[in-house]
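In the numbering used here, the protein residues as written are 14 to 140. We treat Cβ as the ideally placed atom computed from N, Cα and C, and that holds for glycine. Please read these numbers as outputs of a predicted model, since none were measured by experiment.
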């Protein structure tokens, strides 16, 4: 793991304090509030390093920008087709899917990620 820095600590604090699964620009805007001299490149570099080190999740939700999640506990997400939000799904993680995928496939499964597509509670009016 890379050495701690003020930038990395602040970035992690921001990611772990939200459930909105932000993109790098959102994180950059929040970091500038507390650290005005931080550069966008520093934010991108730290997000990439933290994701590579499995400290945070990098989510490719098929939209324009990668999203990030400070919660590393296994869980599922929904990408809203209407507003673009990414939300946590309130359902249990199913580790047995790993074994089901391994059975008969010849693959060694080490984990899985599941992304649902649809409309979030805000867009369906089910808040």
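Query - Pairwise C-alpha distance: residue 139 and residue 132 - result: 10 Å
Query - Same chain, Cβ closer than 8 Å to residue 95, neighbours up to 5 away in sequence not counted - result: 132, 133, 136
Requested in this report: State yes or no: is the C-beta of residue 54 within less than 8 Å of the C-beta of residue 69?
Outcome: no
Query raised in the report: Does DSSP put residue 130 in a helix, in a strand, or in coil?
Result: strand
Query raised in the report: Do the region 73–80 and the region 33–45 make contact, defined as three or more Cβ pairs closer than 8 Å?
Result: yes
Report task. Would you list the residues sitting across from residue 81 in a DSSP beta bridge? Result -> 71
Query raised in the report: If you draw a straight line from the C-alpha of residue 117 to the C-alpha of residue 124, how long is it?
Result: 17 Å
Query raised in the report: Three-state secondary structure (DSSP) at residue 40?
Result: helix
Query raised in the report: Is residue 78 near the ligand ATP, going by C-beta to nearest heavy atom under 7 Å?
Result: Ligands are entirely absent from the displayed structure, and the ligand ATP is therefore not among its contents.
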